[in-house]
Amino acid sequence: MGRFISVGRWGAYLLGVRLSEMLEMPNREAQLEFFEREISPVFDHWAVRRVTAARASLFGLGIPPAQYESLAREGDGSMADVLRIRLRKLFGDFALQDNYFAMQALTHSYGVGPEISLPPYLQLEHYHALKSKAERLSVSHRTYSDELTERPEHTFDCYLLLDAQDWMSNKQLDHLWSQIIRTSRPGARVLFRTADKESLLPGRLDDDLLARFAYLKDLSADLTKQDRAAVYGGVHVYELKP
């Protein structure tokens with residue numbers, strides 16, 4: 067992803083956009099004005115539209131070609147318009163000081179001095195709490211499904227899948243969720259992100275497996291609004307039914 071961002075910054079520079087000027091904007095409204103004036107027109111350039119029309123163009127963002135067409139529907143078939151929408155959220159929905167993802171995109175850093183924007187786990191006030199609980203962590207270099215297969219029943223009450231399912235086949239999804247059900251405690255929740263706005267499970271996950279879960283629509287919508295990365299279209303939460 068870092069290389070993808072670097073290429074994007076280089077391309078913007080060639081087209082006359084100085085992204086560093088975004089850092090001079092005093093508030094969120096000014097950020098949005100800068101975006102509409104300087105950045106948004108880039109996505110109308112023929113070269114940008116041609117490059118982003120390739121299915122593999124977003125591979126560097128962690129979005130597989132298989133998800134390309136589904137994602138492109140958000141921009142009426144144009145991936146350049148999808149990227150415009152996502153970057154408008156990145157730079158316009160949150161103040162830069164509150165969005166370390168935007169700072170990384172602009173500066174390849176978290177910023178300096180009073181403008182620094184750090185994720186919670188790097189903030190000084192959380193250091194001692196994290197250090198005192200670090201021994202609770204365990205690292206396993208294997209697939210999520212394989213790890214769950216060797217765990218006993220009714221072990222976990224929450225599962226965080228990030229965006230891994232965007233890369234899975236239907237068979238792999240069925241195996242993963244069958245193991246989630248087996249190892250879940252009552253009321254367990256599963257949270258994941260998708261490149262597309264909608265959850266990928268309906269129509270892909272086995273109907274009997276999907277029926278075991280309730281989709282928490284309001285919570286999912288709220289978390290999606292809070293997502294500052296802008297790479298992903300949706301955050302989704304499912305809860306195991308009684």
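Residue numbering for the sequence shown is 67 to 308, as defined by my numbering. Even glycine gets a Cβ: it sits at the ideal position worked out from N, Cα and C. Values in this document were obtained by computation on a predicted structure and should not be read as measured data.
Item	Value
Could you tell me which uninterrupted alpha helix (DSSP H) segments, each at least 4 residues in length, are contained entirely in the region 138-196, listed from first to last along the chain?	145-158 and 166-173
Spatial neighbours of Ser206 within its chain, please: C-beta separation below 8 Å, excluding the five flanking residues on both sides.	Glu213
Should Val73 and Ile105 be called a contact, given that it needs their Cβ atoms to be closer than 8 Å?	no
Quick one: using the 10 Å Cβ neighbour count with 16 as the cut-off for buried, is Tyr134 buried or exposed?	buried
Rounded to whole angstroms, what is the Cα-Cα separation between Arg278 and Asn93?	45 Å
Reducing DSSP to helix, strand and coil, say where Gly253 ends up.	strand
Spatial neighbours of Phe222 within its chain, please: C-beta separation below 7 Å, excluding the five flanking residues on both sides.	Thr249, Ser250, Arg251 and Ala254
Hey, could you find the ends of the beta strand (DSSP E) Leu289 is sitting in?	Looking at the DSSP string, Leu289 is not in any beta strand (DSSP E); the run it does join, the alpha helix (DSSP H), is Lys283 to Gln292.
Can you tell me whether Val301 is buried or exposed, with buried defined as 16 or more other CB within 10 angstroms of its CB?	buried
Given that a residue counts as buried once 16 or more other Cβ atoms are within 10 Å of its Cβ, and exposed if not, what is Ala122?	exposed
To which residues of the same chain is Glu30 closer than 7 Å at the C-beta, ignoring the five residues directly before and after it?	Residue 30 falls outside the range modelled here, since the chain spans only 67 to 308, and no answer is possible.
When the Cα atoms are used, what is the spatial distance from Met88 to Ser244?	47 Å
Rounded to a whole number of angstroms, what is the C-alpha to C-alpha distance between Pro186 and Val256?	22 Å
Can you give me the Cβ contacts of Trp233 inside the same chain, cut-off strictly under 7 Å, excluding the 5 residues immediately before and after it?	Pro130
I'd like to know whether the C-beta atoms of Ala146 and Thr118 end up nearer to each other than 8 Å.	yes
Confirm, please, whether the CB-CB distance from Leu267 to Asp316 is below 8 Å.	Only positions 67 to 308 of the chain appear in this structure, which leaves residue 316 out of reach.
Tell me whether Tyr210 sits in a helix, a strand or coil according to DSSP, three-state version.	helix
With C-beta atoms as the reference, is Leu242 less than 8 Å away from Ser211?	yes
According to the neighbour-count rule (16 or more other Cβ atoms, all chains shown, within 10 Å of its Cβ), is Arg259 buried or exposed?	buried
Go ahead and pull the three-state DSSP assignment for Ala78.	helix
Using 8 Å for Cβ pairs, my map puts Phe157 next to Phe109. What's the rounded Cβ distance?	With 8 Å as the limit, Phe157 and Phe109 do not qualify as a contact, their Cβ atoms being about 13 Å apart.
Give the single residue among Asp159, Arg208 and Ala168 whose Cα lies nearest to the Cα of Gln292.	Asp159
Relative to the alpha-carbon of Gln231, which residue among Leu271, Pro107, Leu127 and Arg115 has its alpha-carbon at the smallest distance?	Leu271
Quick one: grab the DSSP three-state call for Val303.	strand
Leaving out the 5 sequence neighbours to the left and right, which residues in its chain are closer than 8 Å to Pro218 when beta-carbon positions are compared?	Thr249
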